[in-house]
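Protein chains in written order, with this note's numbering: chain A, 1 to 100; chain B, 1 to 118; chain C, 1 to 175. The block underneath contains the structure these notes are about, expressed in structure tokens.
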Amino acid sequence: MIPLDYYLVLSAFMFCVGVLGVVVRRNAIIVFMSIELMLNSVNLSLIAFSSFLGDPTGQMLVFFVMTVAAAEAAVGLAIIIALFRNKQTVNIDEINILKW
Amino acid sequence: MMASYIPLILMLAAGMFLAIVLLKLHQWLGPHRPNDEKTSTYESGMEPIRSARERFSVKYYMVAVLFILFDIEVIFLYPWAVNFRALGLFGYVEMVIFITILFIGYFYILRKGALKWD
Amino acid sequence: MTLLASLELFDIIFYFFAFVTIVSAAVVVFSRNIVHSAFSLMFTFFGVAALYVMLNADFIAVTQVLVYVGGILVLLLFGVMLTTKVISVEMKTGTLQTLPASILVAVLAGTLCGIFWITDWLTPVARNAELPATTSSGIGRALMTTYLLPFEVASVVLLVAMLGAAMIARRERKR
Numbered sequence: 001m002i003p004l005d006y007y008l009v010l011s012a013f014m015f016c017v018g019v020l021g022v023v024v025r026r027n028a029i030i031v032f033m034s035i036e037l038m039l040n041s042v043n044l045s046l047i048a049f050s051s052f053l054g055d056p057t058g059q060m061l062v063f064f065v066m067t068v069a070a071a072e073a074a075v076g077l078a079i080i081i082a083l084f085r086n087k088q089t090v091n092i093d094e095i096n097i098l099k100w
Numbered sequence: 001m002m003a004s005y006i007p008l009i010l011m012l013a014a015g016m017f018l019a020i021v022l023l024k025l026h027q028w029l030g031p032h033r034p035n036d037e038k039t040s041t042y043e044s045g046m047e048p049i050r051s052a053r054e055r056f057s058v059k060y061y062m063v064a065v066l067f068i069l070f071d072i073e074v075i076f077l078y079p080w081a082v083n084f085r086a087l088g089l090f091g092y093v094e095m096v097i098f099i100t101i102l103f104i105g106y107f108y109i110l111r112k113g114a115l116k117w118d
Numbered sequence: 001m002t003l004l005a006s007l008e009l010f011d012i013i014f015y016f017f018a019f020v021t022i023v024s025a026a027v028v029v030f031s032r033n034i035v036h037s038a039f040s041l042m043f044t045f046f047g048v049a050a051l052y053v054m055l056n057a058d059f060i061a062v063t064q065v066l067v068y069v070g071g072i073l074v075l076l077l078f079g080v081m082l083t084t085k086v087i088s089v090e091m092k093t094g095t096l097q098t099l100p101a102s103i104l105v106a107v108l109a110g111t112l113c114g115i116f117w118i119t120d121w122l123t124p125v126a127r128n129a130e131l132p133a134t135t136s137s138g139i140g141r142a143l144m145t146t147y148l149l150p151f152e153v154a155s156v157v158l159l160v161a162m163l164g165a166a167m168i169a170r171r172e173r174k175r
């Protein structure tokens, strides 16, 4: 059987890739995808713990994380669309009115 | 328990294999004589009016949002339905509350005209 | 087949899906073409769903495919189509501040690895003993009793998301 560490390392790798995407990419939608990657990696580690401990609570948590992820996707993309309508761009370095 | 997933994996592999092979096969074997008529966008026999690569309307987005939210609702319904008899009236009332809250939003959006298509 | 052979088969399957997940996650972040990123994200979601199956969480795996691939990914593609301009040249997007970002991520990765190294993980003995073969029934019972309040709050979250998305996105004035 695959030990727990393997799943955790995989999850950590996915999380780091997601963080890299959030800080590096210019396009807000790709930043968004990276956030989904991070959520997925956390879900993976939760499921791994749940399975290795024999405790289904982790699966419940993942269930609610998915609900929040769906709500976040709906509202977040709506914000990006509203942003695009006002500024004609989704590049986050060009959205800088609040900067001084 | 894992052995019961082997057919699924085989099915997945067969599906991917078939998709790739069939796509590539007709590229290799079929004759290529493209002309303007053939490469134009297929619109059920009509003349294509504009490019298909333009921005979509926000109306589609609203439908997609409603789809994903009710998708989540169905996901919540399923584990309840599996335990329907065991949970009895209590679970039924809980689920009615859950669905009512969601439908309040749905009817609000409907009244606001967010789904009007013209 | 013997037990040993089947175990090795599952190891191979794990490595395969882990590879798919890692590579497609990297493509999501590093691809220049946003549509490639979106479709690569689909493979990441599928890979993670397969890993869920291997971790004895079948219902969560189905939920993953249904919600992430069927819902969130479609929504993301709608977002791509709603915010990019006509020609696909516009779909290429760049990166910024690569050096400080990579230092940050390297520190983060180091911290995570350090924590993995330091922590004294419990040896999992209870594996497969307490988790039933199909999990949807247990999830349903927990959802309706122990997690009743989060369950009802989830509906409020979905309601607010629905209203918020409608109010923010739909401000197109009629011409």
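In this text, a Cβ means the ideal position worked out from N, Cα and C, and glycines have one as well.
- prompt: Rounded to a whole number of angstroms, what is the C-alpha to C-alpha distance between L61 (chain A) and V82 (chain B)?
  reply: The alpha-carbon atoms of L61 (chain A) and V82 (chain B) are separated by roughly 19 Å.
message: Give me the DSSP bridge partner(s) of R25 (chain A).
response: Bridge partners of R25 (chain A) according to DSSP: C:T95.
message: Using a Cβ-Cβ cutoff of less than 7 Å, which residues in the same chain neighbour I97 (chain A) once the five nearest sequence positions on both sides are dropped?
response: Excluding sequence neighbours, I97 (chain A) sits near nothing in its chain.
field: For L158 (chain C), the nearest candidate out of B:I101, B:I6 and B:M16 (CA to CA)
entry: Cα-wise, what sits closest to L158 (chain C) is B:I101.
- prompt: Rounded to a whole number of angstroms, what is the C-alpha to C-alpha distance between A101 (chain C) and L108 (chain C)?
  reply: Roughly 10 Å separates the two Cα atoms.
- prompt: With C-beta atoms as the reference, is G58 (chain A) less than 8 Å away from I47 (chain A)?
  reply: Contact flag set, yes.
field: Boundaries of the alpha helix (DSSP H) in which S155 (chain C) is found, first to last residue
entry: That run of the alpha helix (DSSP H) goes L148 to A169.
message: Please confirm whether V82 (chain B) has its beta-carbon closer than 8 Å to some beta-carbon of chain A.
response: No, no contact with chain A.
field: Contact belief for L73 (chain C) with M42 (chain C) at Cβ below 8 Å, rounded distance in angstroms
entry: In this structure, L73 (chain C) and M42 (chain C) form a Cβ contact; the two beta carbons are roughly 6 Å apart against a cut-off of 8 Å.
- request: Tell whether a beta-carbon distance below 8 Å holds between A78 (chain A) and G164 (chain C).
  value: Closer than 8 Å, so yes.
task: Determine contact between the stretch 45-58 of chain C and the stretch 31-51 of chain A, defined as no fewer than three beta-carbon pairs at a distance below 8 Å.
output: Contact holds: three or more Cβ-Cβ distances are below 8 Å.
task: Could you have a look at N86 (chain A) and say whether DSSP puts it in helix, strand or coil?
output: Under the three-state reduction of DSSP, N86 (chain A) is assigned to helix.
field: Beta-carbon proximity check, L76 (chain C) vs I75 (chain B), cutoff 8 Å
entry: In this structure, L76 (chain C) lies away from I75 (chain B), with their beta-carbon atoms at least 8 Å apart.
message: Does the contact criterion of 3 or more C-beta pairs under 8 Å hold for the stretch 16-34 of chain A versus the stretch 30-39 of chain C?
response: Flag = yes, the stretch 16-34 of chain A and the stretch 30-39 of chain C touch.
Exposure label - A86 (chain B); buried when at least 16 CB within 10 Å: Exposed: under 16 other Cβ atoms inside 10 Å.
field: Cβ of Y42 (chain B) within 8 Å of any chain C Cβ
entry: Closer than 8 Å: no.
query: What are the partner residues of N91 (chain A), as DSSP defines its beta bridges?
result: Note: N91 (chain A) sits in a beta bridge opposite A:N27.
message: Would you say V42 (chain A) lies against chain C (beta-carbon separation less than 8 Å)?
response: For V42 (chain A), the closest Cβ of chain C is not nearer than 8 Å.
query: Residues of chain C with CB under 7 Å from G105 (chain B), in chain order?
result: Chain C residues near G105 (chain B): L159, M162 and L163.
query: At which residues does the alpha helix (DSSP H) containing K112 (chain B) begin and terminate?
result: In the DSSP annotation of this structure, the continuous segment of the alpha helix (DSSP H) that includes K112 (chain B) starts and ends at F84 to K112.
task: Could you name the residues of chain B that T67 (chain A) contacts, counting a contact when the two beta carbons are closer than 7 Å?
output: Scanning chain B for C-beta atoms nearer than 7 Å to the C-beta of T67 (chain A) yields I72, reported in chain order.
- request: Leaving aside the five residues before and after K174 (chain C) along the sequence, list all residues of the same chain whose C-beta is less than 8 Å from its C-beta, in chain order.
  value: Reliability fails at K174 (chain C), whose pLDDT of 48 lies under 50, so the model's placement of it is uncertain and the value that follows must be treated cautiously. Around K174 (chain C): no qualifying Cβ.
query: Should I81 (chain A) be flagged as near chain B, meaning a C-beta pair shorter than 8 Å?
result: It does: the Cβ of I81 (chain A) has a partner Cβ on chain B nearer than 8 Å.
message: Can you give me the C-alpha to C-alpha distance between A25 (chain C) and R85 (chain A), rounded to a whole angstrom?
response: Cα-Cα distance, rounded: 29 Å.
task: Leaving aside the five residues before and after M62 (chain B) along the sequence, list all residues of the same chain whose C-beta is less than 8 Å from its C-beta, in chain order.
output: Around M62 (chain B): I109, A114 and L115.
- request: Please report the Cβ distance between L69 (chain B) and A38 (chain C), rounded to the nearest whole angstrom; I am assuming they are in contact, meaning their Cβ atoms lie under 8 Å.
  value: Between A38 (chain C) and L69 (chain B) the Cβ distance is about 20 Å, and since that is not below 8 Å, they are no contact.
Where the stretch 73-84 of chain C meets chain A: residues whose CB sits under 9 Å from a CB there: Within the stretch 73-84 of chain C, the residues whose Cβ lies closer than 9 Å to some Cβ of chain A are L73, L75, L76, F78, G79, V80, L82, T83 and T84, listed in chain order.
field: Under 8 Å by beta carbon: chain A residues contacting Y61 (chain B)
entry: Within chain A, the residues near Y61 (chain B) are L77, A78 and I81.
- request: Leaving aside the five residues before and after M144 (chain C) along the sequence, list all residues of the same chain whose C-beta is less than 8 Å from its C-beta, in chain order.
  value: Hits under 8 Å: F151.
- prompt: For V20 (chain C), which residues from the same chain have a beta carbon less than 7 Å from its beta carbon, with the 5 sequence-adjacent residues on both sides left out?
  reply: Within the same chain, and ignoring the five residues on either side of V20 (chain C) in sequence, the residues whose Cβ sits closer than 7 Å to its Cβ are F43 and G47.
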